[in-house]
Amino acid sequence: MIKKKAVTLIISLLAVMLIAAGCADSEDETANSDTGAENTGETSTVEFMHLWPEGSSAEHHRIVNDIIDDFEAENEGIEIDLQVLSNEQYKDQMTVLSAGDELPDVGMTWAAGYLDPFVDGDKFAPLDDLMEDGLGDQFIAGTAESFEVDGSTYGLPLELNTSYVFYNQTIFDEYNLEEPETYEELEQVVDTLSENGEEPIALGNRDRWTGSMWYMYFADRIGGADVLNDAIDRTGSFEHDALIQAAEETQNMVENDSFISGFNGLADEEAKSMFMNDQAAMYMIATWDLPNFTTNEDVPQEFRDSVGYFKFPTVDGQGDEDSFVGGPGVGLFVGENSDVQEESKEFASYFVEQWGEMAVTEAGVIPATTVDGETLDLPDMYVDVLDDLNEASNLTLYADVQMSAGVADTHLDLIQSLFGMEITPEEFAEQHEEALSNE
Amino acid sequence: MNKVMSNKWFIALYIFPALFLVSVLIFIPLLLTGYYGLMEWDGIGAMEFLGLDNYIVAIQDANFWDSALHSFLLALFSTLSLIIYLAVSMILASKIKGSDVLRKIYLIPMLLSSVAIAQLWIKIYDPSNGVLNTILATFGVENPPLWLADTNIVLYSIFIPIIWQYAGFYILIYYAALKNIPESIIEAARIDGASPLQIAFRIKLPLIMSIVKVTIVLAIVGSLKYFDLIYVMTGGGPNGASEVMASYMYKLAFANNDFGYGSAIAFLMLIITLIVTYIVRKLTATKEEIQY
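Right under this line is the structure:
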């Protein structure tokens, strides 16, 4: 009996000692890394979070890793700790992390309305010093500005996107169709396709912003470049005739069966795959998808060769074809509460510079920094898009990006109802007006 | 040993770890959620005290009550589907050929994660390429339903995979309970000339009634806080037609950056679920349990 007790006692003691030793070890380790951050002789770690997982954005993902490797090689003593999330998860994670004040040192943010609460809550560091240090001159005019709040820049833009209608040349040829230049021609194209049993336009409106692009283009062509912007920033009204008419035209398209059936229940990815599998003739998307139509080796060459694009047509002879709906995509932020802010800024500006060139040559996306397209060997469609950008008369920022989170969600819900024929154009305008004035 | 167990200090010592974890992981977050509901807070910046405003707004919020209605509909359907589960497990528990294989088939959805199930059913419901509409088309249906895009039917379209998803779980519970009934009782009934239906309704069902009550509570509570499949399959759309309380709360907090209001909704959800659970317990309470 006594022996048994003794054995139990010894084992318990050993266990306690083991646990104590374990704790002590980990304390030592954290102590080490703490001094490491302060001591320039040792490594400091910059946490970096991005939203291009290998699965869905292979090229982007690889380029990021290359840039990180180069940066680490050139800057001994700085280590990049990487975390990758997909788009929706990324947005959730940003909110959760910032509520707990645990944002990464460098990460990605969207412009305008998305940015505001983070800036108000002192979560992002102003990057004016970097901008004045020469980085500012590299951005295409208008891109960095959308990351400004009260005159300070809080994000370094990485992409610039414009939206086009892409179409399947093979299907168009089969029915002798041409790129439409006016809305009436587009309607005829749609009619011809429907009569022959083809799905005219792929649209994944479960994601809602896809439908918003169609509405925004109608608003732009009918009412000009400013009418929607004015309504959003409250210098104008959403009940403007042009905006109501834009909603009417959107519903006309739905009534003409222009879009694939069940579009309100389909995700953008599903619509895209219909377009890319020759099941729909047209698809509106922004230039971030250019790689799928040009360089992406995973997409069959035959399909890539048969993709063409046209600018959103004029409506009733109104509108300017060189006015685009689009905007900067994501940009880099640096955490205001970062322990390694200097290193983080260094990394962020290095990243933007490298990204500019590599994005064009390797990923085939349009970066937010100016690129000399002449000297590079680029796919034709890509060169055309760059040319369009040079000739662009206006770029209207995506409505949901312009608005604050709550109003943007109302807007997107209303878009879905509009496409679902559940509200009239007048109600659509009225409810927007209400949401915006309650801000 | 008995001496140790009657010592209050020892009882406290043994309970403490569990109590500590439960309070840190469950009760404190619950109270915090209620507290955040009193705030105007975007989840990022500073909080501002509002008092009960969020709760008052929530009670008048038609969208919230719509989503609550959808949650209750789901609870109703889940409870009704228990009848099917019960019937299936009765058949499986009686000695029929291949019941082993069938039981495993019913269990498969339990092995899949919700996201995988959602993806699977999105493919099934796909309006032009989906299995369902392809079959309907071969039968000559001209305009097959747009399962996930039609605001009138989207809710029911989602209920089906949810009911399918949980079938294995409930069938397993019922199956285990039915297997626990001593064979001698059934045998005795059979000798007395009871038909299989009489055995099912007069003997088996009363004997597993306590388990049935537990599953009713589980189904209702589970439905009221249901979230995952709906979030993945439709995100609550089109236009809120498939929004349930949990997805509405999530949308407010994470998509609209309105954490204060989202927390208030979450707390209301808790209260509603508690009330419903209480009512269900009261309704299903019986004076004495039948024993075998």
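In order, the protein sequence lines correspond to chains A and B.
Just so you know, the first sequence maps onto residues 1065 to 1503 in our numbering.
Just so you know, the second sequence maps onto residues 137 to 428 in our numbering.
We treat Cβ as the ideally placed atom computed from N, Cα and C, and that holds for glycine.
Computed from a prediction, not measured in an experiment: that's the story for all the values here.
Chain A residues whose Cβ lies nearer than 8 Å to that of B:Ile180: Against chain A, the beta carbon of B:Ile180 has neighbours under 8 Å at Thr1159, Ser1162, Ala1163, Pro1181, Phe1182, Asp1184, Gly1185, Lys1187, listed in chain order.
A:Thr1234: first and last residue of the uninterrupted beta strand (DSSP E) it sits in: No beta strand (DSSP E) holds A:Thr1234; the alpha helix (DSSP H) holding it covers 1233–1238.
Under 8 Å by beta carbon: chain B residues contacting A:Gln1480: Within 8 Å Cβ-Cβ: Gly373, Pro374, Asn375.
Euclidean distance between Cα positions of A:Ala1084 and A:Glu1106: Note that A:Ala1084 scores a pLDDT of 48, beneath 50, so its modelled location is shaky; the value from the coordinates is reported in the next line. Taking the straight line from one Cα to the other gives about 28 Å.
Reduced DSSP secondary structure (H/G/I, E/B, other) of B:Gln196: It is coil, neither helix nor strand.
Separation of A:Leu1222 from A:Tyr1178, as counted between CA atoms: As the crow flies, the alpha-carbon of A:Tyr1178 is around 16 Å from that of A:Leu1222.
B:Ala421 beta carbon near the ligand SAM (any heavy atom closer than 8 Å): As presented, the structure is devoid of all ligands, the ligand SAM included, so that no description of it is given.
For A:His1114, the residue or residues it bridges with in DSSP: In the DSSP assignment, A:His1114 is bridged to A:Val1148.
Cβ-based burial, A:Glu1038 [other Cβ within 10 Å; buried from 16]: No information on residue 1038 of chain A is available, as it lies outside the stretch 1065 to 1503 that chain A covers here.
Short-range partners of chain A found in the stretch 261–277 of chain B, where Cβ spacing is below 8 Å: Per Cβ criterion, the list reads Tyr261, Asp262, Pro263, Ser264, Asn265.
Residue burial classification, B:Leu216 (beta-carbon count within 10 angstroms, cutoff 16): An exposed status is given to B:Leu216, since fewer than 16 other beta-carbon atoms sit within 10 Å of its beta-carbon.
Distance between A:Tyr1279 and A:Asn1096 (C-alpha atoms, nearest Å): For A:Asn1096, the pLDDT reaches just 40, beneath the cut-off of 50, and the residue's location in the model is therefore unreliable, leaving the point undetermined.
Interfacial residues, the stretch 1228–1245 of chain A to chain B, with Cβ spacing under 8 Å: Under the 8 Å Cβ criterion, the stretch 1228–1245 of chain A contributes no residue.
Cβ-based neighbour list, A:Pro1377, same chain, cut-off 6 Å, excluding 5 preceding and 5 following: The residues are Pro1244, Glu1245, Thr1246, Tyr1247, Leu1250.
Separation of A:Glu1498 from A:Phe1230, as counted between CA atoms: A:Phe1230 and A:Glu1498 have their C-alpha atoms spaced approximately 35 Å apart.
Beta-carbon proximity list for B:Gly173, same chain, < 6 Å, skipping 5 on both sides: Its chain contains Asn190, Ser399, Ala400, Phe403 as the residues whose beta carbon lies nearer than 6 Å to that of B:Gly173, once the 5 sequence neighbours on both sides are disregarded; these appear in chain order.
Beta carbon of B:Gly179 nearer than 9 Å to that of A:Val1160: A Cβ-Cβ contact shorter than 9 Å links B:Gly179 with A:Val1160.
Chain A contact residues for B:Phe363, given Cβ-Cβ distances below 7 Å: The premise fails here: B:Phe363 is roughly 13 Å from chain A at the closest Cβ pair, so nothing lies under 7 Å.
Straight-line Cα distance separating A:Glu1111 from A:Glu1303: So the alpha carbons of these two residues sit roughly 46 Å apart.
Cβ neighbour criterion (16 or more within 10 Å) applied to B:Trp283: B:Trp283 counts as buried, since no fewer than 16 other beta carbons sit within 10 angstroms of its beta carbon.
Reduced DSSP secondary structure (H/G/I, E/B, other) of B:Ala252: Look at B:Ala252 here: in three-state DSSP terms it is helix.
Chain A within 9 Å of B:Thr169, Cβ atoms only: Contacts with chain A at 9 Å (Cβ-Cβ) do not include B:Thr169.
For A:Phe1397, the residue or residues it bridges with in DSSP: In the DSSP output, where bridge partners are listed per residue, A:Phe1397 has A:Gly1171.
Cβ pair count under 8 Å reaching 3, the stretch 1363–1376 of chain A against the stretch 1420–1439 of chain A: Contact between the stretch 1363–1376 of chain A and the stretch 1420–1439 of chain A is absent, because fewer than three Cβ pairs lie under 8 Å.
Closer than 9 Å to chain A by CB, B:Ile401: No, its Cβ sits nowhere closer than 9 Å to a Cβ of chain A.
Cross-strand partners of A:Thr1359 (DSSP beta bridge): Partner(s): none; A:Thr1359 has no beta bridge.
Buried/exposed call for A:Arg1037, threshold 16 Cβ in 10 Å: For chain A, the structure presents residues 1065 to 1503; residue 1037 of chain A sits outside this window and is missing.
Buried or exposed by the 16-neighbour rule on C-beta atoms within 10 Å, applied to A:Gln1147: So A:Gln1147 ends up on the exposed side.
Test: A:Met1338 CB closer than 9 Å to a CB of chain B: By this cut-off, A:Met1338 is an interface position.
Neighbourhood of A:Leu1308 by C-beta, 7 Å cutoff - its chain only, sequence neighbours within 5 removed: Note on residue identity: the sequence assigns Ile, not Leu, to residue 1308 of chain A. Excluding five sequence positions before and after A:Ile1308, the CB atoms of its chain that fall closer than 7 Å to its own CB belong to Pro1489, Glu1490, Ala1493, given in chain order.
Three-way DSSP call (helix, strand, coil) for B:Tyr386 in this model: Looking at B:Tyr386 - three-state DSSP - the assignment turns out to be helix.
Where the alpha helix (DSSP H) through A:Glu1312 begins and ends: Taken as a continuous stretch (DSSP letters only), the alpha helix (DSSP H) holding A:Glu1312 covers 1305–1319.
Residue closest to B:Leu218, alpha-carbon to alpha-carbon, out of B:Ile356, B:Glu319, B:Glu323: Looking at the Cα atoms, B:Ile356 is the closest of the given residues.
Neighbour flag for A:Asp1321 against chain B, beta carbons, 9 Å: It does not: the Cβ of A:Asp1321 has no partner Cβ on chain B nearer than 9 Å.
Outcome for A:Thr1351 when other beta-carbon atoms lying within 10 angstroms are tallied against a minimum of 16: So A:Thr1351 ends up on the buried side.
Start and end residues, alpha helix (DSSP H) containing A:Asn1260: Looking at the DSSP string, A:Asn1260 is not in any alpha helix (DSSP H), and its letter there is neither H nor E.
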